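K.L.:
Going by my numbering, 93 is the number at position 70 of the sequence shown; the sequence numbering is gapless.
Where is the CB? At the ideal position from N, CA and C, for every residue including glycine.
Note that this is a predicted model, so its numbers are computed, not measured.
Below is the structure I would like to discuss, written out as structure tokens.
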Amino acid sequence: MVSLYAASKKIYPRSVEGIFAYWRWILVVLTQLVFYGLPWFEWGTRQAVLFDLASRRFYIFGLVLYPQDFIYLTGLLVISALALFLFTAVAGRLWCGYACPQTVYSEIFLWIERKVEGDRSARMRLDDADFSLEKLVKKWYKHIIWIFLSIWTGFTFVGYFTPIRELAMEFFLTQMSSWELFWVFFYAFATYGNAGFMREQVCKYMCPYARFQSAMFDNDTLIVTYDTERGEPRGPRSKKAEAGALSLGACVDCTLCVQVCPTGIDIRDGLQYECIGCGACADVCDTVMDKMGYARGLVRYSTQNAMDNKWTPQQIWQRLMRPRIQIYTMILVAVTVGLFVSLSLRTPFKVDVMRDRSTLSRITEYGTLENVYRLQIMNAAETVQTYRLSVKGLPGLKITTDTEVMVDPAQARWVVLRADIPYGSVEGGSHKITFEIQALGTDDFVVEKSVFIVPR
Numbered sequence: 024m025v026s027l028y029a030a031s032k033k034i035y036p037r038s039v040e041g042i043f044a045y046w047r048w049i050l051v052v053l054t055q056l057v058f059y060g061l062p063w064f065e066w067g068t069r070q071a072v073l074f075d076l077a078s079r080r081f082y083i084f085g086l087v088l089y090p091q092d093f094i095y096l097t098g099l100l101v102i103s104a105l106a107l108f109l110f111t112a113v114a115g116r117l118w119c120g121y122a123c124p125q126t127v128y129s130e131i132f133l134w135i136e137r138k139v140e141g142d143r144s145a146r147m148r149l150d151d152a153d154f155s156l157e158k159l160v161k162k163w164y165k166h167i168i169w170i171f172l173s174i175w176t177g178f179t180f181v182g183y184f185t186p187i188r189e190l191a192m193e194f195f196l197t198q199m200s201s202w203e204l205f206w207v208f209f210y211a212f213a214t215y216g217n218a219g220f221m222r223e224q225v226c227k228y229m230c231p232y233a234r235f236q237s238a239m240f241d242n243d244t245l246i247v248t249y250d251t252e253r254g255e256p257r258g259p260r261s262k263k264a265e266a267g268a269l270s271l272g273a274c275v276d277c278t279l280c281v282q283v284c285p286t287g288i289d290i291r292d293g294l295q296y297e298c299i300g301c302g303a304c305a306d307v308c309d310t311v312m313d314k315m316g317y318a319r320g321l322v323r324y325s326t327q328n329a330m331d332n333k334w335t336p337q338q339i340w341q342r343l344m345r346p347r348i349q350i351y352t353m354i355l356v357a358v359t360v361g362l363f364v365s366l367s368l369r370t371p372f373k374v375d376v377m378r379d380r381s382t383l384s385r386i387t388e389y390g391t392l393e394n395v396y397r398l399q400i401m402n403a404a405e406t407v408q409t410y411r412l413s414v415k416g417l418p419g420l421k422i423t424t425d426t427e428v429m430v431d432p433a434q435a436r437w438v439v440l441r442a443d444i445p446y447g448s449v450e451g452g453s454h455k456i457t458f459e460i461q462a463l464g465t466d467d468f469v470v471e472k473s474v475f476i477v478p479r
């Protein structure tokens, strides 16, 4: 029978120490401190970062955003995409190897697995062993820790959308809503499955980035490479043996570079789409080179041009700032500065003016011609604010309702606004007018356009 696919074998990554492993764990700690800690910070009387979908308000420290501010999310996505393009052009899958949530949580879950079951060989022996009490205890202990961490992760995720202190109280009192429970356990299940079981399968088959990364690489992109000219022909030898006398290269064929790889590839076969650029193979190879008394860097971050032309590190760094990188950097800086300038100039309130569709215009008892409008003021500030209303555009045009409106912090208020002109003062038709809304005590104001209808 012909098999349509090759069954994947479980990968048992070996633990590794080195400069790249150190930085990888630094980023694991930093990203998780931010993720787990940020929802617990308070800003005044509220949570510092909260995406309140029910009230359609998004709090980010001192910033309050509404759905009308969607343009800022677009700017953030553009910045993220440009940053990804820049980092990829400079150093390949830098994001994948060091900061991607899939990598981060796989590292955490693998660390727990090592602490409970042992390193690579011990885990392999345990899985191959017959059923025993020791095997049962270790497996259950590992999975209990995984499940606890997954639920905590799901709880933290939901805490970005529901005040986390209230959520914690509801959780312990078993009073959470059905939707909150669903998302806590859905995200927990996703974390448990992706980081505990699927791991490299997500990177290989589910993540599209692995597939299109080659379109973003060039010959000056830093990638994890194996120095074939120096390493081949590979072969085992004793520490005292001279590699040259044995007609061997520097590679001792220990396969440690394969054993530490989280995706199970052999870097000596060249660049492969499965490589996430974590540098684990470079760390372990440097350790072997130290033991053998050879120079480090048999496996290292380098570029195709550097390998072909035997460039020095200084030449590599000079070439990194090539025109493509400069263009990416300039665009990224320009968009980032533009976004921050736009946020700094953003008026802390929004105004919508709509005509009352039930009545185009009417003649009042005072002999004036009146139009009615509905005005919504959204106060994005954290304090109560009073706004003064005025209208311009036609001779004698004035507001006949209250011209001052008070709005509670981070709230929206609808008001009915009536404006009139002396009857017969302007010809019939649709006339453009502008409403000016001034926040008292500040220099902030908004101008909204509308029309005043005069019957013909």
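Hey, could you find the ends of the alpha helix (DSSP H) valine 51 is sitting in?
P.N.:
Its alpha helix (DSSP H) spans residues 42 to 60.
K.L.:
How should tryptophan 134 be labelled, buried or exposed, when 16 other C-beta atoms within 10 angstroms of its C-beta is the threshold for buried?
P.N.:
Exposed is the call here.
K.L.:
By how many angstroms is the C-alpha of glutamate 265 removed from the C-alpha of methionine 221?
P.N.:
Taking the straight line joining both Cα atoms gives about 43 Å.
K.L.:
So valine 485 and alanine 433 are in contact, right, with Cβ under 8 Å, and what is the actual spacing, rounded?
P.N.:
Nothing can be reported for residue 485: it is not among the residues displayed for the chain, which extend from 24 to 479.
K.L.:
How would you write the range of the alpha helix (DSSP H) that tryptophan 437 sits in, first residue to last?
P.N.:
Looking at the DSSP string, tryptophan 437 is not in any alpha helix (DSSP H); the run it does join, the beta strand (DSSP E), is 435 to 445.
K.L.:
Just to check my reading of the structure: valine 470 and histidine 454 have Cβ atoms closer than 8 Å, yes? What is that Cβ distance to the nearest angstrom?
P.N.:
Wrong, their Cβ atoms sit about 16 Å apart, outside the cutoff.
K.L.:
What are the boundary residues of the beta strand (DSSP E) that includes asparagine 402?
P.N.:
Run containing asparagine 402: 391 to 402, per the beta strand (DSSP E) assignment.
K.L.:
By a C-beta neighbour count over all protein chains shown, 10 Å radius and 16 as the cutoff for buried, is arginine 169 buried or exposed?
P.N.:
Here residue 169 is tryptophan; the residue named in the question, arginine, does not match the sequence. When all chains shown are included, tryptophan 169 counts as buried.
K.L.:
Sort Glu157, Val127, Ile83 and Ala122 by Cα distance to valine 139 and report the nearest one.
P.N.:
Here the closest residue by C-alpha is Glu157.
K.L.:
Comparing alpha-carbon positions, which option in Ile348, Thr179 and Glu297 lies nearest phenylalanine 209?
P.N.:
Out of Ile348, Thr179 and Glu297, Thr179 has the C-alpha closest to the C-alpha of phenylalanine 209.
K.L.:
Nearest-angstrom Cα distance between glutamate 223 and phenylalanine 64?
P.N.:
Spanning the two alpha carbons is a distance of roughly 34 Å.
K.L.:
Decide if arginine 385 is buried, meaning its Cβ has at least 16 other Cβ atoms within 10 Å, or exposed.
P.N.:
The residue in question, arginine 385, is exposed, as its Cβ has fewer than 16 Cβ neighbours within 10 Å.
K.L.:
According to DSSP, is alanine 213 part of a helix, a strand, or is it coil?
P.N.:
In this structure, alanine 213 counts as helix in the three-state DSSP scheme.
K.L.:
Looking only at its chain, what residues have a beta carbon closer than 8 Å to the beta carbon of serine 31, apart from the 5 residues adjacent to it on each side?
P.N.:
Counting only Cβ-Cβ distances below 8 Å, and skipping sequence neighbours, we find Gln224.
K.L.:
What first and last residue would you give for the alpha helix (DSSP H) that runs through glutamine 282?
P.N.:
279 to 282 is the span of the alpha helix (DSSP H), which, as asked, contains glutamine 282.
K.L.:
Could you check what DSSP says for aspartate 75 in three-state terms: helix, strand or coil?
P.N.:
Aspartate 75 falls in the strand class under three-state DSSP.
K.L.:
What is the DSSP secondary structure of tyrosine 183, counted as helix, strand or coil?
P.N.:
Three-state result, tyrosine 183: coil.
K.L.:
Go to isoleucine 290, then tell me how far its beta strand (DSSP E) extends in each direction, as first and last residue.
P.N.:
Here isoleucine 290 belongs to no beta strand (DSSP E), and DSSP marks it neither H nor E.
K.L.:
Under DSSP, the alpha helix (DSSP H) around aspartate 313 begins and ends at which residues?
P.N.:
Note, aspartate 313: alpha helix (DSSP H), 303 to 315.
K.L.:
Here's the rule: buried if 16 or more other CB atoms are within 10 angstroms of the residue's CB, otherwise exposed. What is aspartate 292?
P.N.:
Exposed: under 16 other Cβ atoms inside 10 Å.
K.L.:
With a CB to CB cut of under 6 Å and the five nearest residues on each side skipped, what residues in its chain are close to aspartate 375?
P.N.:
Closer than 6 Å at the Cβ level, and outside the excluded window around aspartate 375, lie Gln399.
K.L.:
Can you give the Cα-Cα distance for tyrosine 59 and valine 181, rounded to whole angstroms?
P.N.:
Looking at the two C-alpha atoms, the distance is approximately 11 Å.
K.L.:
Between the C-alpha atoms of serine 200 and lysine 227, what's the straight-line distance to the nearest angstrom?
P.N.:
Cα-Cα distance, rounded: 36 Å.
K.L.:
So for valine 139, helix, strand or coil by DSSP?
P.N.:
Helix at valine 139.
K.L.:
For methionine 377 and valine 430, what's the separation of their Cα atoms in angstroms?
P.N.:
Distance between the alpha carbons of methionine 377 and valine 430: 18 Å.
K.L.:
On a Cα-Cα basis, can you pick out the residue from Lys262, Met192 and Glu393 that is closest to valine 449?
P.N.:
When each option's Cα is compared against that of valine 449, the closest is Glu393.
K.L.:
Which two residues bound the contiguous alpha helix (DSSP H) that contains alanine 106?
P.N.:
Counting along the chain, the alpha helix (DSSP H) containing alanine 106 begins and ends at 93 to 114.
K.L.:
Using a Cβ-Cβ cut-off of 8 Å (strictly less than) and excluding sequence neighbours within five positions of glutamate 136, which residues of its own chain qualify?
P.N.:
Counting only Cβ-Cβ distances below 8 Å, and skipping sequence neighbours, we find Arg146 and Lys165.
K.L.:
Does DSSP classify aspartate 276 as helix, strand or coil?
P.N.:
If DSSP states are grouped into helix, strand and coil, aspartate 276 belongs with coil.
K.L.:
Taking the alpha-carbon of tyrosine 95 as reference, which of Ser367, Glu405, Thr391 and Tyr183 has the nearest alpha-carbon?
P.N.:
The shortest C-alpha separation from tyrosine 95 is found at Ser367.
K.L.:
Can the beta-carbon of arginine 441 be found closer than 8 Å to that of glutamate 427?
P.N.:
Cβ atoms of arginine 441 and glutamate 427: not closer than 8 Å.
K.L.:
Which residue wins for smallest C-alpha separation from aspartate 309, given the options Asp331, Gly254 and Phe81?
P.N.:
Among Asp331, Gly254 and Phe81, the Cα nearest to that of aspartate 309 is on Gly254.
K.L.:
Measure the Cβ-Cβ separation of threonine 111 and methionine 239 and say whether it is below 8 Å.
P.N.:
Contact flag set, yes.
K.L.:
I need the boundaries of the beta strand (DSSP E) containing glutamate 252, first residue and last residue.
P.N.:
Premise fails: glutamate 252 lies in the alpha helix (DSSP H), 251 to 254, not in any beta strand (DSSP E).
K.L.:
With tryptophan 46 and tyrosine 128 assumed to form a contact (beta carbons below 8 Å), what rounded beta-carbon distance in angstroms separates them?
P.N.:
About 18 Å; that fails the 8 Å criterion.
K.L.:
With alanine 233 and tyrosine 296 assumed to form a contact (beta carbons below 8 Å), what rounded beta-carbon distance in angstroms separates them?
P.N.:
Contact holds; Cβ gap of about 5 Å.
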